[in-house]
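S.K.:
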Amino acid sequence: MSSTDTLTAGMTITVEPGIYVEGLCGVRIEDCCVVTETGHLNLVSSPKELVLI
Numbered sequence: 134m135s136s137t138d139t140l141t142a143g144m145t146i147t148v149e150p151g152i153y154v155e156g157l158c159g160v161r162i163e164d165c166c167v168v169t170e171t172g173h174l175n176l177v178s179s180p181k182e183l184v185l186i
């Protein structure tokens, strides 16, 4: 997917990486971010370490 849109301060976006093991399982995490004048601010403070169950 591609876009020519420009992100500007005040916009919110999500970053949703995922990992999938064919025939077994898949998992995604999602961060919600707001674009600022100088970069971005992550609105989610959940841990990112892998937990094996």
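The sequence shown begins at 134 in the numbering used here and counts up one residue at a time.
Idealized CB from N, CA, C, for every residue including glycine.
Answer yes or no: does any C-beta atom of chain C fall closer than 9 Å to that of Leu183?
M.R.: The structure shown contains no chain C, having only a single protein chain.
S.K.: Mapping DSSP to helix, strand and coil, what is Val177?
M.R.: As a working note, residue 177 is residue 44 in the sequence shown. Three-state DSSP puts Val177 in coil, outside helix and strand.
S.K.: Excluding the 5 residues preceding and the 5 following Thr169 in the sequence, name in chain order all residues of the same chain whose CB lies nearer than 7 Å to its CB.
M.R.: One-based indexing of the sequence shown puts residue 169 at position 36. Contacts found: Ala142.
S.K.: Taking C-beta to C-beta, are Cys166 and Thr137 nearer than 9 Å?
M.R.: Here residue 166 refers to the residue found at position 33 when the sequence shown is read from its first residue. Here residue 137 refers to the residue found at position 4 when the sequence shown is read from its first residue. It is not a contact, given that the beta carbons lie outside the stated cut-off.
S.K.: Could you tell me how far apart the beta carbons of Asp164 and Val184 are, in whole angstroms, since I believe they sit closer than 8 Å?
M.R.: If you number the sequence shown from 1, residue 164 lands on position 31. If you number the sequence shown from 1, residue 184 lands on position 51. With a Cβ gap of about 17 Å, Asp164 and Val184 do not count as contacting.
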